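> Just dropping this structure here.
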Amino acid sequence: MERRLAAVLIADVVGYSRMSEIDEEGTRIRFHSDLHELFEPKIATHHGRLIKTMGDGILVEFHSVVDALRCAVKIQQQKAERNAALRPEQRMLFRIGVNLGDVIVEGEDIHGDGVNIAARLESLAPPGGICISGTAFDHTVHKAEVGFSALGEQQLKNIADPVRVYRVLLDPSEAGKVVASRRPRRRSIILATLAALLIATTAIVFTWPWPWSFVPQRPSVAVIPFANLSSDAGQDYFTDGITDSLIADLTMLSDLDVIGHNSVFAYKGKPLVLADIGRDLGVRFVVEGSVQRIGDQIRVNAQLSDAATGDHLWANRFNRAAADVMAVQDELSRQIAEALGLKLTQSETERITRPPTANLEAYDYYLRAEQATRTGRRSRLLEALALFDKAEALDPGFAEAFAADAHATAYVWRSAYDDVLQSALARKRAYEKASRALALDPALSSPYAVLAVMQVVDRRYEQAVASAQQAVSLGSADAEAHMALAYVQLFSGNHAEAGAAVEAAIRHDPNLSAINRYTAGLVFYLQRDYTKAIDNFERARDGSPGNGDFVTPLAMAYARAGRLDAARATVAEGLRFLAGRDSLAAWRISNAHFRNEQDLAFILDALREAGLPEWPFGFRGNEQDRLHGDEIASAVMGKLLRGKTEPSGSPALMQIERDGKAAFRSATQMITGTVFVNGDMLCEQSENAFGRADCGPVYRPENLPAETSYAYVNSTKVFYFSPVK
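In structure tokens form, the structure reads like this:
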């Protein structure tokens, strides 16, 4: 067995499994493209040897650790350049770890602690970043054009002794810097020790009887998605439903902290390392298991483990008829609570043991609808609403179905997905479903969260805050309830309260959904914390690849942070995704429910600086060609306007009666409402755009498309037209 000292580089793709779920073939092609076009040339240039690829990972050996670090830096820098030219959903980020240590050589392969430490360092690196060991740092500190941030000694998994870890600072402005961890001075240590002793003594005095009493730490648990062991992958919705039901039941327990859906489902289908899960999610206990559905039978295996030690604290197997699925869920929740030493109140016991519905067919439709909703895709949202309808028709007393329906419908309404359900219908449905859910079960949290968001958009600020606070009161461990409160407080102008609600949500669900990350980004932006704003906006963008609505917001934070080039590139990217539809006018009308006008102005000013145009499709009118109010009224009121819309040039009609009643129809829009002139603007008032008047100027320029005389623009359209009568 040969041993030698070697520099080891390990790289791994961030979020590879999630990317593969969306586009398996494309993800694999992009990985191999990076391998052959980026990694292999850089490895050769820096005298390295590619040992092997490991799924989405890469293992490389170098004779010189300086070469290894320089290679890693060049790879990350060039990869950032390659990513800048790609759409967000096509971007692939790598983490890299570099170590100098002893390796065991077997043929062409290497392994041992030298390799293991590099692998652990890779997992500590941020996406697009590099972490190196202390031995590597000692040999490279003045030999690469980078800086370093000391992370101190870290206890790495399966490595006996702590390892000094350094994060590489890739920004050219930080080259040559070594940012060391600050150590408290001795006097500070003495004072801190005395203070700790004083606090401990006080605690003992006030926790009678003493000296044996103490306050136990509140238990925390993560329920990792159960594995679907059925031969039919289509049963995923059923398995996910059991996981979600268990999370919901445990969340009801007042003495237990439970991690939310978004964070735990990031582990779906991945190898489970309990210590890593415990560290990443900040929990002491982990529940994992599997579900197998065969005909009318189900087999559920579950176990509770201590994340720190790996010890199994409880395990059980349930072999039942599929009709008994809710009884199995009840037993799972109660037995896990008992294993954690929790004493349930009578109301908690009643809520866990009460089945959501006695109709199994309705429950099946509900589970399918929930799975469709979680995708966030427009096509699946339409499917979800139809499935909720079926569940509710089969059991009109199914409160959870009405609550989930309200949440999904409000998402459609808030996102202005008119092709799923028109704004007015979505608003009406969300209100009705939330109200029905609360009539059936007043203890549900989510309907209050839905009502809160809708009320604040309607500018009923006090009602909205009260509803959101009620949602948090009923669901103190529900991240969605805390984010509803954050959204309401944000638009009500209470920035500090909004920030506190975001922090509470992240404690319960560190991996928030894209739309919640967007809200968090707005909160931190208005608090002038641009570092946190950028982080949350980037997570929103990355969490919903290809969605331009979550690209443009990043530009405002970049602009305020002084990164104007990045801000302008981001606006251009967002406009590509949205086919030019985004504009300051659209932001102005969709965010008109800011109670403080200066908050909206602070957003619009930054987006304007970043290059977001005033009107959609980049329309610009000449003020010399602009019509005044009386000229607009003469040209359009009581007329049929025939023309075409940008950018496709497709035919469009607008019929405006003398009393202002109007209808607009194009290939992509059908709007009925009222038209009126306000000052020198033509306004359309409909139940779209949250019921707000959408106003814009009318021009009579010289250069117009054939058979048109005027140009009218607002937040949604550019309409070239001529009056017919």
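For what it's worth, the working numbering labels the leading residue of the sequence shown as 327, then goes sequentially. Ideal Cβ positions, reconstructed from N, Cα and C, are used throughout, including at glycine. Just so you know, these numbers come straight off a predicted model, no measurement behind them.
#1: Do you know whose CA, among W739, A406, A750 and L482, lies nearest P453's CA?
#2: Spatial neighbours of D721 within its chain, please: C-beta separation below 7 Å, excluding the five flanking residues on both sides.
#3: Using DSSP with H/G/I as helix, E/B as strand and the rest coil, what is M652?
#4: Is E806 closer than 7 Å to Q815 when the C-beta atoms are compared?
#5: Do three or more CB pairs link the stretch 600-611 to the stretch 347-357 at distances below 8 Å?
#6: For I377, which three-state DSSP category applies?
#7: Between which residues of its own chain and P1059 is the CB-CB distance below 6 Å, once the five residues before and five after are set aside?
#8: If we ignore side chains and look at the alpha-carbon of each, how far apart do K669 and A663 end up?
#9: Could you pull the start and end residues of the beta strand (DSSP E) that S459 belongs to?
#10: Does the beta-carbon distance from L572 to V584 come in below 7 Å?
#11: According to DSSP, is I662 helix, strand or coil?
#12: How many angstroms separate the CA atom of V1024 from the CA atom of F591?
#13: For the 8 Å Cβ check, are there 3 or more pairs between the stretch 725-734 and the stretch 759-771?
#14: Can you give the Cα-Cα distance for S960 and G969, rounded to whole angstroms?
#15: Between S459 and L450, how many whole angstroms is the CB-CB distance? I'm expecting something under 8 Å.
#16: Using only alpha-carbon positions, find the residue among F463, D784, T466 and L666 that is nearest to F817.
#17: Could you pull the start and end residues of the beta strand (DSSP E) that G1022 belongs to?
#18: Sorted by chain position, which residues of the same chain lie with C-beta nearer than 6 Å to Y743's C-beta, five sequence neighbours on each side aside?
#19: Would you kindly report the start and end of the unbroken beta strand (DSSP E) that includes L426?
#20: Among G433, L412 and D464, which has the Cα closest to the Cα of V424?
#21: What are the boundary residues of the alpha helix (DSSP H) that includes R700?
#22: Within a Cβ cutoff of 6 Å, which residues of the same chain sit near T699, ignoring the five residues on either side of it in sequence?
#23: Quick one: grab the DSSP three-state call for P535.
#24: Taking A989 as the reference, give the member of S1012, Q480, A476 and T878 with the closest Cα.
#25: F876 and A866: beta carbons closer than 7 Å?
#26: Opposite H638 in the DSSP bridges: which residues?
#27: Taking just the CA atoms, how far does G636 sit from D602?
#28: Take A1032 and list the residues in its own chain whose beta-carbon comes closer than 8 Å to its own, dropping the five residues that flank it on each side.
#29: State yes or no: is the C-beta of V1001 within less than 7 Å of the C-beta of G937?
#30: Taking a contact to mean a Cβ-Cβ separation below 7 Å, would you say L708 touches A695 in this structure?
#31: How would you label G427, buried or exposed, when you count the other beta carbons within 10 angstroms and need 16 or more for buried?
#32: Tell me the start and end of each unbroken alpha helix (DSSP H) in the stretch 774-827 that is at least 4 residues and wholly inside, in chain order.
#33: May I have the straight-line CA-CA distance separating L520 from L477, to the nearest angstrom?
#34: Hey, how far is the Cα of F1045 from the Cα of R946?
#35: Between which two residues does the beta strand (DSSP E) holding P597 run?
#36: Roughly how many whole angstroms lie between the Cα atoms of V617 and D656?
A quick look at the data gives this:
#1: Within the sequence shown, numbered from 1, the residue matching residue 453 stands at position 127. Ranking the options by Cα distance to P453, first place goes to A406.
#2: Residue mapping note: residue 721 aligns to position 395 of the sequence shown, counting from 1. Around D721: T683, N685 and A688.
#3: One-based indexing of the sequence shown puts residue 652 at position 326. Here M652 sits in helix by DSSP.
#4: Mapped onto the sequence shown, residue 815 falls at position 489. Mapped onto the sequence shown, residue 806 falls at position 480. Remark: C-beta atoms of Q815 and E806 do not approach each other more closely than 7 Å.
#5: no
#6: Residue numbering aside, residue 377 sits at position 51 when the sequence shown is read from its first letter. Three-state result, I377: strand.
#7: Lying outside 327 to 1051, the shown extent of the chain, residue 1059 is not represented and no answer is given.
#8: Within the sequence shown, residue 669 is the residue found at index 343, counting from 1. Within the sequence shown, residue 663 is the residue found at index 337, counting from 1. The alpha-carbon atoms of K669 and A663 are separated by roughly 8 Å.
#9: Taking the sequence shown and counting its residues from 1, the one referred to as residue 459 is at position 133. Run containing S459: I456 to S459, per the beta strand (DSSP E) assignment.
#10: Counting from one through the sequence shown, the residue named residue 572 turns up at place 246. Counting from one through the sequence shown, the residue named residue 584 turns up at place 258. Going by C-beta atoms, L572 is not nearer than 7 Å to V584.
#11: Here residue 662 corresponds to residue number 336 of the sequence shown, with the count starting at 1. Three-state result, I662: helix.
#12: Here residue 1024 is taken as the residue at index 698 of the sequence shown, counted from 1. Here residue 591 is taken as the residue at index 265 of the sequence shown, counted from 1. Computed Cα separation, rounded: 50 Å.
#13: yes
#14: Translated into the one-based positions of the sequence shown, residue 960 becomes position 634. Translated into the one-based positions of the sequence shown, residue 969 becomes position 643. Going by the C-alpha atoms only, they are around 18 Å apart.
#15: The residue you call residue 459 lines up with position 133 of the sequence shown. The residue you call residue 450 lines up with position 124 of the sequence shown. Not confirmed; about 10 Å, so no contact.
#16: In the sequence shown, counting from the first residue as 1, residue 817 sits at position 491. Nearest C-alpha to F817: D784.
#17: The sequence position of residue 1022 within the sequence shown is 696, counting from 1. From DSSP, the beta strand (DSSP E) with G1022 extends over D1020 to G1022.
#18: Along the sequence shown, one-based indexing puts residue 743 at 417. Taken in chain order, the residues that qualify are R704.
#19: Position 100 of the sequence shown holds residue 426. F420 to E432 is the extent of the beta strand (DSSP E) around L426.
#20: By one-based count along the sequence shown, residue 424 stands at place 98. The shortest Cα separation from V424 among G433, L412 and D464 belongs to D464.
#21: To locate residue 700, count along the sequence shown from 1; it is residue 374. Element bounds for R700: L686 to T701.
#22: Your numbering for residue 699 matches position 373 in the sequence shown. These residues qualify, in order along the chain: A710 and A734.
#23: In the sequence shown, counting from the first residue as 1, residue 535 sits at position 209. Low per-residue confidence applies at P535: pLDDT is 36, beneath 50, and the placement is therefore not dependable, though the value from the model is reported in the following sentence. Correct three-state label for P535: coil.
#24: The residue given as residue 989 occupies position 663 in the sequence shown. The candidate whose alpha carbon is nearest that of A989 is S1012.
#25: As a position in the sequence shown, residue 876 is number 550, starting the count at 1. As a position in the sequence shown, residue 866 is number 540, starting the count at 1. The answer is yes: Cβ separation under 7 Å.
#26: Here the question's residue 638 lines up with position 312 in the sequence shown. Beta-bridge pairing links H638 to S631.
#27: The residue you call residue 602 lines up with position 276 of the sequence shown. The residue you call residue 636 lines up with position 310 of the sequence shown. The straight-line gap from Cα to Cα measures roughly 11 Å.
#28: For the purposes of this step, residue 1032 is taken as the residue at position 706 of the sequence shown. Hits under 8 Å: none found.
#29: Mapped onto the sequence shown, residue 1001 falls at position 675. Mapped onto the sequence shown, residue 937 falls at position 611. Contact: no.
#30: Counting from one through the sequence shown, the residue named residue 708 turns up at place 382. Counting from one through the sequence shown, the residue named residue 695 turns up at place 369. In this structure, A695 does not lie closer than 7 Å to L708 by Cβ.
#31: Taking the first residue of the sequence shown as position 1, residue 427 is located at position 101. Around the beta carbon of G427, 16 or more other beta carbons lie within 10 angstroms, which makes this residue buried.
#32: 787-800 and 805-818
#33: Taking the sequence shown and counting its residues from 1, one reaches residue 520 at position 194. Taking the sequence shown and counting its residues from 1, one reaches residue 477 at position 151. Legend: pLDDT at L520 = 40, less than 50; position of this residue unreliable, value from coordinates given subsequently. Roughly 27 Å between the two C-alpha positions.
#34: On the sequence shown, residue 1045 is found 719 positions in, with the first residue counted as 1. On the sequence shown, residue 946 is found 620 positions in, with the first residue counted as 1. Taking the straight line from one Cα to the other gives about 13 Å.
#35: Reading the sequence shown from its first residue, position 271 is the one you call residue 597. Counting along the chain, P597 falls outside any beta strand (DSSP E), and DSSP gives it neither H nor E.
#36: Taking the first residue of the sequence shown as 1, we reach residue 617 at position 291. Taking the first residue of the sequence shown as 1, we reach residue 656 at position 330. The alpha-carbon atoms of V617 and D656 are separated by roughly 15 Å.
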